[in-house]
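K.L.:
To start, I am sharing the structure in question, which I have written as structure tokens.
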Amino acid sequence: MSGFIRLCNDGWTQGWHERNGGNATYRMKPEEVDSCRPFFIEGGDWIALDVEMENLAGEYFITTGTGKHFNNVILEPEISLGITEINEKGNAYRIVWGLNNGKDRPTSEFPTHLLNHSIKKAANPEYRMIYHAHPIHLIALTFVLPLESKAFTKALWKTMTECPIIFPHGIAVLPWMVPGGVEIAKATSALVGEFDAVVWAHHGIFCMGTNFDTTFGLMHTIEKSAAIYMDILHTGKPILQTISDEQLLQLEEPYNVKLNRDFID
Ligand code: 13P
Ligand code: ZN
Numbered sequence: 019m020s021g022f023i024r025l026c027n028d029g030w031t032q033g034w035h036e037r038n039g040g041n042a043t044y045r046m047k048p049e050e051v052d053s054c055r056p057f058f059i060e061g062g063d064w065i066a067l068d069v070e071m072e073n074l075a076g077e078y079f080i081t082t083g084t085g086k087h088f089n090n091v092i093l094e095p096e097i098s099l100g101i102t103e104i105n106e107k108g109n110a111y112r113i114v115w116g117l118n119n120g121k122d123r124p125t126s127e128f129p130t131h132l133l134n135h136s137i138k139k140a141a142n143p144e145y146r147m148i149y150h151a152h153p154i155h156l157i158a159l160t161f162v163l164p165l166e167s168k169a170f171t172k173a174l175w176k177t178m179t180e181c182p183i184i185f186p187h188g189i190a191v192l193p194w195m196v197p198g199g200v201e202i203a204k205a206t207s208a209l210v211g212e213f214d215a216v217v218w219a220h221h222g223i224f225c226m227g228t229n230f231d232t233t234f235g236l237m238h239t240i241e242k243s244a245a246i247y248m249d250i251l252h253t254g255k256p257i258l259q260t261i262s263d264e265q266l267l268q269l270e271e272p273y274n275v276k277l278n279r280d281f282i283d
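Structure representation (structure tokens):
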């Protein structure tokens with residue numbers, strides 16, 4: 019729980035969470051659930067999900083609450099955050115801790131988070147963290163780059179040398195959609211089998227990982243590269259040199275990564 023709180027507060031200090039912007043969920047390990055069990059409230063109502071995810075049956079998730087401000091998480095985690103249990107069919111949840119004694123609700127993006135958790139868990143059970151934020155420079159980029167995975171991946175890879183090492187598979191991009199519903203959840207989940215980061219145009223980004231550090235670090239790296247890219251544009255000067263595709267490929271052997279060939283010309 020302290021790691022989750024720290025992630026929320028780190029995101030707040032980065033400026034990624036105006037008002038209630040952004041949300042996060044973490045699939046707990048059985049031993050973590052056991053250590054929290056003495057604090058659980060009994061008898062919460064089951065609330066139906068519009069999606070059914072059999073492989074999440076019986077899982078417990080830490081989640082941010084809908085409408086909760088990230089800067090309050092560190093001050094009142096039992097109001098801003100909650101722990102939810104998924105039923106044995108994987109189509110309903112109940113609150114077992116926090117969220118204002120169960121009176122409030124998980125993030126409006128809960129369906130998107132759970133669908134993505136289901137796909138990530140099936141592909142690799144080590145994946146536990148999903149984090150959505152509104153990073154400033156990345157959102158700005160969605161106005162000036164084509165809304166294509168290749169355009170975003172290459173722009174970011176070539177702006178900062180660490181990027182191809184940290185996200186060798188690249189990042190995916192979705193056009194603008196209404197947030198909070200099943201449609202955007204399904205569009206995002208169609209991409210997360212392949213990608214750990216999905217940009218929502220004019221809105222923000224979803225990052226996924228095995229723990230708090232890798233997930234936050236992925237978001238931080240993407241946003242920093244976007245910030246450098248925007249700084250370059252602001253100079254108004256012509257770009258005289260960049261990292262070539264050939265140079266990108268030179269990173270593979272020393273850093274033991276395989277770059278997504280869809281994005282190499
Ligand atoms: P919630 O407050 O419901 O988590 O919504 C914030 C958000 O960023 C929606 O995309
Ligand atoms: Zn959002």
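Here the sequence shown is numbered in our numbering, starting from 19 and rising by one per residue. Virtual Cβ for every residue (Gly too), placed ideally from N, Cα, C.
1. Going by the CB atoms, is the gap between F88 and G21 shorter than 9 Å?
2. Which of the three DSSP states is assigned to M178 in this structure?
3. Thinking T82 and T125 are a contact (beta carbons under 8 Å), I'd like their distance in whole angstroms, please.
4. Nearest-angstrom Cα distance between L165 and K86?
5. So which residues touch the region around the ligand 13P, with touch meaning a C-beta under 7 Å from any heavy atom?
6. Excluding sequence positions up to five away, which residues of its chain have a Cβ less than 8 Å from the Cβ of E106?
7. Please determine, among V210, L133, V216, R123, the residue with the shortest C-alpha to C-alpha distance to E96.
8. What distance in whole Å lies between the Cβ atoms of V114 and F79, which are believed to be in contact at a cut-off of 8 Å?
9. For the alpha helix (DSSP H) holding L267, just list the boundary residues, first then last.
10. Taking all protein chains shown into account, decide if P182 is buried (16 or more other Cβ within 10 angstroms of its Cβ) or exposed.
11. Helix, strand or coil: which one does DSSP assign to R37?
12. Can we count W218 as close to the ligand ZN, meaning its CB is less than 8 Å from some heavy atom?
13. Which complete alpha helix (DSSP H) runs does the region 65-150 hold, if anything under 4 residues is left out?
14. Label H220 either buried or exposed according to how many other C-beta atoms from any shown protein chain fall within 10 Å of its C-beta, with 16 as the threshold for buried.
15. In whole angstroms, what separates the C-alpha of I280 from that of P186?
16. Is the region 126-144 close to the region 189-205, with three or more CB pairs under 8 Å?
17. Taking the alpha carbon of Y247 as the reference point, which residue from T233, V191, F230, V162 has its own alpha carbon closest?
P.N.:
This is what the structure gives:
1. No; because the gap between Cβ atoms is not below 9 Å, this pair is not in contact.
2. coil
3. 5 Å
4. 30 Å
5. N38, G39, G40, N41, T82, T84, G85, K86, T125, S126, E127, H150, H152, P197, G198, H221, G222
6. A75, G76
7. R123
8. Actually they do not touch by this definition, with Cβ atoms about 10 Å apart.
9. 263-268
10. buried
11. coil
12. yes
13. Within the region 65-150, the complete alpha helix (DSSP H) runs of at least 4 residues are 88-91, 95-98, 117-120, 128-141.
14. exposed
15. At residue 280 the sequence reads Asp, which differs from the Ile that was named. Distance between the alpha carbons of D280 and P186: 11 Å.
16. yes
17. Of the listed residues, the one whose Cα sits closest to Y247 is V162.
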